[in-house]
Structures are given as structure tokens and as C-alpha cells.
């Protein structure tokens with residue numbers, strides 16, 4: 528039952544080329560940067576990433592993207608990641624843009640063993656009708672477009688059939704975790720992390736504080752250890768290294 532591994536590099540060592548990986552985080556909050564850095568230190572490539580976004584320029588998943596090691600991304604937005612947008616428009620990476628709530632539910636459904644579900648989100652739009660550009664040619668023309676999806680009416684309202692999103696691996700970050708893999712997330716860092724672990728065949732969690740089994744109050748656990756395969760305890764320095772996406776200040780009153 529002890530799922531602790533000695534290092535992040537050991538935890539990701541068996542991730543092969545071509546793997547699909549669900550990665551937690553929202554913007555810069557709750558991103559498993561230590562595990563991502565461990566992937567960067569290796570040679571794994573041709574990855575398919577499922578994540579809310581693809582990191583910020585020069586940080587997180589953006590590092591793998593900049594090295595051309597990500598083949599495809601399922602995400603809900605581009606954010607301020609200029610390299611992500613450039614690669615998409617240049618046809619260097621395939622991107623399946625998915626409504627944020629739909630992305631979350633596709634991951635959760637995978638963990639719950641649900642192969643697909645109907646949602647009203649996207650009905651009557653190109654999300655349902657097809658035609659969203661997934662990949663461009665280098666000249667800007669359409670190389671791959673989204674296919675049309677099944678639509679059914681429930682209660683007089685159209686709903687779109689969305690498939691679940693299972694992945695080979697999941698990388699998440701938690702505030703606290705025990706040796707059995709039970710995890711607690713801090714505030715908004717919870718975001719997509721539990722869902723990415725649920726969707727993965729092998730979920731790897733980096734934890735800022737490792738505790739012994741029994742120390743976590745069962746009512747406080749956000750993700751039970753059954754969904755987690757490996758736990759990587761962070762050093763104090765690794766746990767404290769966090770970025771600020773937009774630093775906003777104002778002049779003192781009266782100046």
C-alpha cells in the first residue's frame with residue numbers, strides 16, 4: 528500500500544512516447560510542475576495532453592510544447608500562451624478546444640467508468656455540428672476538423688453526446704497526501720487535479736506535505752487513494768516555488 532517513490536524522475540520514468548497524459552492545474556494554480564520538469568529532463572515525446580490549458584509561456588506544460596514534444600492537446604482555452612497559439616496556427620500541434628465544463632465532465636466520466644454522456648453545452652453550435660479546426664496545414668488551411676456529434680432531445684432541449692476522456696497517465700499536485708495516495712488539495716488548487724487523477728490509468732501525485740496513513744481526517748480527503756498509483760513527496764524548496772500569473776499593484780491612496 529506504500530505508494531511513495533523516491534523522486535519525480537523515478538515516478539515518470541516509464542511514461543513512453545505517444546502517451547496520453549491528463550495534467551491538473553488552472554493557469555498557474557495547482558500545476559504539477561515538478562513532475563513536468565522530470566518529463567522535460569527525459570526524452571519522452573509525441574504526447575497527447577488533456578489539461579485546462581497548456582501552461583504559461585516559459586513555465587509548466589509550455590516547456591514541453593516549446594520543445595515540440597506535444598503532438599495534441601485537449602484543452603478549454605489558449606490563455607496568454609503565445610507559443611501555444613503560434614504552434615496551433617502554424618499546424619505544428621493539434622488542438623481540440625472543448626468547453627471547460629465539458630472537459631471536466633469528460634475526465635470525471637472516465638474515472639467513473641462512464642463511456643459517454645449527453646450535455647446541453649454546445650448544442651446548436653459548431654461544437655455539435657462539427658467543423659472546429661483541430662489542426663491547420665502550414666499554409667493556414669484546414670488539415671483536420673472536428674466531426675459532427677450525435678444530438679438528442681431531452682425534455683424539449685437538445686443535448687450533445689460527448690465521449691469520456693480516459694488517459695494513460697495523470698499528473699497532479701496536492702497540498703497533502705499520505706502513503707496510501709489519499710490526497711487533500713488547497714482551495715482553488717483543487718481545480719482539475721482530482722479529475723485528472725480519476726481519468727488516468729496511472730495517476731502520479733506530487734505532494735507538498737507527506738503524512739502517515741491515518742493522519743488525514745477521512746472527511747477532509749478530496750481524492751481517495753484508489754485513484755492514485757504513485758506519490759512523490761516534494762522538498763520544502765519545491766513546495767514553495769510558485770508563480771504569479773499577473774502581478775497587479777496600485778498606488779497608495781493619497782499619492
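Numbering (this note's numbering), first residue to last: 528 to 782. Virtual Cβ for every residue (Gly too), placed ideally from N, Cα, C.
Exercise. Tell me the DSSP bridge mates of residue 680?
Worked result: 685
Problem set entry | Cβ shell of residue 528 (< 6 Å), same chain only, five flanking positions each side left out | 707
Exercise. Using the beta-carbon count (16 or more within 10 Å), is residue 714 buried or exposed?
Worked result: exposed
Exercise. Taking C-beta to C-beta, are residue 760 and residue 734 nearer than 8 Å?
Worked result: yes
Problem set entry | Local conformation of residue 699 per DSSP, three classes | strand
Problem set entry | Euclidean distance between Cα positions of residue 741 and residue 624 | 41 Å
Problem set entry | C-alpha gap between residue 695 and residue 572, whole angstroms | 14 Å
For this session: Report the rounded CA-to-CA distance for residue 678 versus residue 653, giving the unit in angstroms.
Result: 12 Å
Exercise. Which parts of the segment 721–756 are runs of the alpha helix (DSSP H), unbroken and 4 residues or longer, counting only runs that do not cross its ends?
Worked result: none
For this session: Could you say if the segment 576–585 and the segment 594–603 meet the contact criterion of at least three C-beta pairs nearer than 8 Å?
Result: yes
Exercise. Taking 8 Å as the CB-CB limit, is residue 537 close to chain C?
Worked result: In the displayed structure, chain C is absent; only one protein chain is listed.
For this session: Have a look at residue 784 and residue 588 and give me their C-alpha separation to the nearest angstrom.
Result: No statement about residue 784 is possible, as the shown extent of the chain runs from 528 to 782 and does not include it.
For this session: Enumerate, from N- to C-terminal direction, the unbroken beta strand (DSSP E) stretches of 3 or more residues contained entirely within the segment 565–591.
Result: 574–577
Exercise. Residue 688: which of 632, 643 and 569 sits nearest, CA to CA?
Worked result: 643
For this session: Within 10 angstroms of the Cβ of residue 668, are there 16 or more other Cβ atoms? Answer buried if so, exposed if not.
Result: exposed
For this session: Have a look at the DSSP bridge pairing and note the partners of residue 550.
Result: 698
For this session: Only counting runs of 4 or more residues, tell me where the alpha helix (DSSP H) segments fall wholly within the segment 610–634, in order along the chain.
Result: none
Exercise. For the alpha helix (DSSP H) that contains residue 672, what are its first and last residues?
Worked result: Run containing residue 672: none in the alpha helix (DSSP H); it sits in the beta strand (DSSP E), 669–672.
For this session: Can you give me the start and stop residues for the alpha helix (DSSP H) that residue 665 sits inside?
Result: Per DSSP, residue 665 belongs to no alpha helix (DSSP H) and is neither H nor E.
For this session: Return helix, strand or coil for residue 641, following the three-state DSSP convention.
Result: coil
Problem set entry | CB contact flag (residue 597, residue 562, <8 Å) | no
For this session: Look up residue 763 in the DSSP assignment and say whether it is helix, strand or coil.
Result: helix
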